[in-house]
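From first to last, the protein sequence lines are chains A and B. Sequential numbering from 1 applies to the first sequence in UniProt numbering. Sequential numbering from 1 applies to the second sequence in UniProt numbering. Backbone N, C-alpha and C fix where the C-beta goes; we use that ideal spot for every residue, glycine too. Remember, predicted model here, so these are calculated numbers, not experimental data.
2 protein chains.
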Amino acid sequence: MEVGPRDGLQNEKEVVSTATKLELIERLAKAGLQDIEAASFVSPKWVPQMADHAEIMAGLPSAERYPNVNYSVLTPNLKGFEAAAAAGAREVAVFAAASEGFSQKNINCSIAESLERFVPIFEAAKQQGIRVRGYVSCVVACPYDGPVAPEKVAQVAARLLELGSYEISLGDTIGAGTPASVLRMLEAVERVAPVRKLAGHYHDTYGMAVANVYASYQFGLRSFDSSIAGLGGCPYAKGATGNVATEDLVYLFNGLGVQTGVDLDALVDCADWISGMLGRAPNSRVSRAMLAKRN
Amino acid sequence: MEVGPRDGLQNEKEVVSTATKLELIERLAKAGLQDIEAASFVSPKWVPQMADHAEIMAGLPSAERYPNVNYSVLTPNLKGFEAAAAAGAREVAVFAAASEGFSQKNINCSIAESLERFVPIFEAAKQQGIRVRGYVSCVVACPYDGPVAPEKVAQVAARLLELGSYEISLGDTIGAGTPASVLRMLEAVERVAPVRKLAGHYHDTYGMAVANVYASYQFGLRSFDSSIAGLGGCPYAKGATGNVATEDLVYLFNGLGVQTGVDLDALVDCADWISGMLGRAPNSRVSRAMLAKRN
Numbered sequence: 001m002e003v004g005p006r007d008g009l010q011n012e013k014e015v016v017s018t019a020t021k022l023e024l025i026e027r028l029a030k031a032g033l034q035d036i037e038a039a040s041f042v043s044p045k046w047v048p049q050m051a052d053h054a055e056i057m058a059g060l061p062s063a064e065r066y067p068n069v070n071y072s073v074l075t076p077n078l079k080g081f082e083a084a085a086a087a088g089a090r091e092v093a094v095f096a097a098a099s100e101g102f103s104q105k106n107i108n109c110s111i112a113e114s115l116e117r118f119v120p121i122f123e124a125a126k127q128q129g130i131r132v133r134g135y136v137s138c139v140v141a142c143p144y145d146g147p148v149a150p151e152k153v154a155q156v157a158a159r160l161l162e163l164g165s166y167e168i169s170l171g172d173t174i175g176a177g178t179p180a181s182v183l184r185m186l187e188a189v190e191r192v193a194p195v196r197k198l199a200g201h202y203h204d205t206y207g208m209a210v211a212n213v214y215a216s217y218q219f220g221l222r223s224f225d226s227s228i229a230g231l232g233g234c235p236y237a238k239g240a241t242g243n244v245a246t247e248d249l250v251y252l253f254n255g256l257g258v259q260t261g262v263d264l265d266a267l268v269d270c271a272d273w274i275s276g277m278l279g280r281a282p283n284s285r286v287s288r289a290m291l292a293k294r295n
Numbered sequence: 001m002e003v004g005p006r007d008g009l010q011n012e013k014e015v016v017s018t019a020t021k022l023e024l025i026e027r028l029a030k031a032g033l034q035d036i037e038a039a040s041f042v043s044p045k046w047v048p049q050m051a052d053h054a055e056i057m058a059g060l061p062s063a064e065r066y067p068n069v070n071y072s073v074l075t076p077n078l079k080g081f082e083a084a085a086a087a088g089a090r091e092v093a094v095f096a097a098a099s100e101g102f103s104q105k106n107i108n109c110s111i112a113e114s115l116e117r118f119v120p121i122f123e124a125a126k127q128q129g130i131r132v133r134g135y136v137s138c139v140v141a142c143p144y145d146g147p148v149a150p151e152k153v154a155q156v157a158a159r160l161l162e163l164g165s166y167e168i169s170l171g172d173t174i175g176a177g178t179p180a181s182v183l184r185m186l187e188a189v190e191r192v193a194p195v196r197k198l199a200g201h202y203h204d205t206y207g208m209a210v211a212n213v214y215a216s217y218q219f220g221l222r223s224f225d226s227s228i229a230g231l232g233g234c235p236y237a238k239g240a241t242g243n244v245a246t247e248d249l250v251y252l253f254n255g256l257g258v259q260t261g262v263d264l265d266a267l268v269d270c271a272d273w274i275s276g277m278l279g280r281a282p283n284s285r286v287s288r289a290m291l292a293k294r295n
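Set out below in structure tokens:
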């Protein structure tokens with residue numbers, strides 16, 4: 001799941017034009033990515049970077065051009081869901097935390113309240129045949145509460161599955177995890193959810209994301225989130241890295257002999273281009289090394 | 001094995017003063033690192049950054065202050081070995097390649113010739129009770145010849161052990177490896193060498209080093225080389241990263257519950273200081289994240 005256009009750009013200071021976002025999505029689809037998180041139907045008051053969500057939906061590449069690409073959008077509440085559905089979304093994502101501190105600071109309610117709010121979204125989505133992906137954040141540690149109990153992650157994941165999520169994306173939001181803490185968390189979640197319904201969403205803040213993906217792949221996960229050029233940064237440690245770069249994961253999987261269907265050279269071109277738009281180099285060691293070799 | 005003062009600084013454009021190098025070594029010892037590669041007894045014609053090797057040896061912290069710290073120096077030939085021994089070295093390192101192309105371009109002779117040249121070094125070292133560490137470079141791929149056969153690495157490692165190396169450091173010189181290629185290489189080497197005599201020396205050029213260390217640790221390796229602040233860069237892709245940062249490995253092992261005896265906060269202080277001397281930020285995600293959180 002390529003999250004650069006949403007999770008990535010949402011956390012960049014620079015606001016990128018709608019045309020640039022649409023070109024980014026087009027380039028990602030062309031490079032072979034089949035799941036792209038394209039926008040967020042959140043109030044522009046809170047996230048001005050995502051104010052153009054309806055224009056993004058209207059401007060997505062036609063299904064004729066990329067018949068196998070799914071576009072997902074984040075919908076924090078029913079109002080956002082209805083707007084997304086009206087704009088033609090076929091997949092939405094909802095977002096809960098595994099830590100009370102993060103839930104309160106980030107969405108201003110308890111974990112239980114946030115899950116309750118999602119019930120009408122899941123009901124409406126079911127009626128309209130729209131898929132729902134569930135995000136759980138802070139699955140290893142929370143910037144406010146510290147370490148998070150694996151059982152708490154499992155509880156939230158179980159409820160999101162029960163409500164009807166087709167997949168649960170497990171987010172190490174502050175990138176604090178290592179293979180040990182990630183595997184402890186996965187073992188707890190696997191007791192309540194089949195591993196084929198789990199995705200790893202690991203941030204590279206402490207340089208552990210590739211190792212965490214490798215350990216999770218060995219554990220049985222087959223779905224991972226990443227962001228082209230590592231777009232997004234880290235809101236909890238300004239100047240540090242956030243989302244793991246898509247290029248780094250494709251390089252890893254190429255090395256492991258795992259087919260991703262993604263063209264690494266095209267990804268690096270895309271990373272170079274979008275990073276240039278943001279006035280910096282890609283937050284990806286693979287892109288930096290491959291670009292350095294080209295020069 | 002902390003290689004920042006040698007492998008790291010040798011590959012930095014900026015030449016660092018002897019006093020700064022000695023302070024670096026002192027800080028690393030104080031942070032808890034017990035194996036430090038301090039200098040190279042190579043001709044200053046080839047490596048001007050290491051011209052002060054005798055001064056470095058003379059200025060090392062006294063054994064009273066850090067009784068458990070070993071200092072190693074690189075000795076490319078018998079002349080270098082004799083100078084190192086005269087300067088009081090108790091451990092030296094020799095350096096062979098697993099690829100003919102690299103051997104020819106880097107040390108101007110075939111692999112077999114380079115191993116032959118080491119014979120008198122091993123003999124002299126044995127007589128004088130000096131330990132020898134054997135490096136093998138290009139254990140996964142070569143910047144000139146491409147992929148390197150695991151059996152070739154095993155051959156070179158076996159010969160270096162036979163000559164009397166106490167440990168073989170397996171270097172992924174261009175950082176191209178992933179856990180799959182690293183494990184294939186380790187499996188071949190393990191057939192000729194006990195795993196307790198092997199060390200992983202992985203570069204982070206493509207962001208894979210932490211995953212490769214994790215996979216190697218699972219395989220049974222307990223010794224790893226790294227460079228404070230990722231000092232060194234990559235001579236084969238200018239602008240890219242080289243040695244994996246010591247901070248990143250200590251963070252990984254702390255997470256895995258493996259005792260390293262190294263103080264991560266002191267390491268980050270040291271990385272910040274030496275990177276400042278070089279006019280840039282540390283090439284370590286851990287240092288960047290921890291420094292960003294402090295500000």
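Measuring only the C-alpha atoms, how far is P5(B) from M277(B)?
13 angstroms
Proximity winner among Y206(A), A39(A), R280(A) and V262(A), relative to A31(A) (alpha-carbon distances)
V262(A)
For I25(A), tell me which candidate among A266(A), P282(A), S287(A) and V47(A) has the shortest Cα-Cα distance.
A266(A)
Express the C-alpha separation of G175(A) and S40(B) in angstroms, rounding to a whole number.
37 angstroms
S275(A) and A245(A) closer than 8 angstroms at C-beta:
no
Just the Cα atoms here: how many angstroms apart are L264(A) and L249(A)?
10 angstroms
With distances taken from CA atoms, which of M208(A), P235(A) and W46(A) is nearest N108(A)?
W46(A)
Beta-carbon proximity list for V42(B), same chain, < 7 angstroms, skipping 5 on both sides:
M50, L74, P76 and G80
By the criterion of Cβ-Cβ separation under 7 angstroms, what are the contact partners of G239(B) in chain A?
R288 and A292
For I130(B), name the three-state secondary structure that DSSP assigns.
coil
Just to confirm my understanding: we take V210(A), look at its own chain, exclude 5 residues before and 5 after, and list those with CB closer than 8 angstroms. What are they?
D204, V244, D248, L249 and L252
Member of S287(B), W273(B) and P282(B) whose CA lies at the smallest distance from the CA of E23(B)
W273(B)
Can we say the region 149-169 of chain A touches the region 130-137 of chain A, given the rule of at least three CB pairs closer than 8 angstroms?
yes
Identify, in the order they occur along the chain, each residue of the same chain with its Cβ nearer than 7 angstroms to the Cβ of E14(B), setting aside the five sequence neighbours on each side.
L278
Taking the C-alpha atoms as reference points, what is the distance between S223(A) and T260(A)?
10 angstroms
When the Cα of G239(A) is compared with those of R280(A), I168(A), R27(A) and I130(A), which residue comes out closest?
R280(A)
For chain B, is any of its Cβ atoms less than 8 angstroms away from the one on G257(A)?
yes
Could you tell me which residues DSSP puts in a beta bridge with E37(B)?
S72(B)
So N68(A) and Q34(A) are in contact, right, with Cβ under 8 angstroms, and what is the actual spacing, rounded?
5 angstroms
Quick one: using the 10 Å Cβ neighbour count with 16 as the cut-off for buried, is A63(A) buried or exposed?
exposed
Answer yes or no: does any C-beta atom of chain A fall closer than 8 angstroms to that of V210(B)?
yes
Residues of the region 258-287 of chain A in Cβ contact with chain B at a cutoff of 8 angstroms, in chain order, please.
S284, R285 and V286
For a contact meaning CB atoms closer than 7 angstroms, what does D248(B) contact in chain A?
G207
Cβ-Cβ separation, V156(A) to A193(A) (assumed contact under 8 angstroms), whole Å
About 11 angstroms separates the two Cβ atoms, so there is no contact after all.
Short of 8 angstroms Cβ to Cβ, which residues in the region 164-194 of chain B face chain A?
G175, G177, T178, P179, A180 and S181
To the nearest whole angstrom, what separates the beta carbons of I56(A) and A38(A), a pair I think is in contact under 8 angstroms?
6 angstroms
Let's test the definition: count the other Cβ atoms within 10 Å of the Cβ of E151(B) and tell me whether it reaches 16, buried, or not, exposed.
exposed
Three-state secondary structure (DSSP) at A63(B)?
coil
Applying a beta-carbon distance threshold of less than 9 angstroms, which residues of chain A neighbour D204(B)?
G207 and R285
Span separating the alpha-carbon of T241(B) from that of A271(B)
15 angstroms
Endpoints, alpha helix (DSSP H) assigned at S275(A):
L264 to M277
Exposed or buried, what is P179(A) when buried is set at 16 or more other beta-carbons lying within 10 Å of its beta-carbon?
buried
Any idea what DSSP makes of residue 310(A), helix, strand or coil?
No answer is possible for residue 310(A): it lies beyond the span of chain A, which begins at 1 and ends at 295.
For S43(A), three-class secondary structure by DSSP
coil
Bridge partner(s) assigned by DSSP for L170(A):
V136(A) and G200(A)
Beta-carbon proximity of M208(A) to G177(A), cut-off 8 angstroms:
yes
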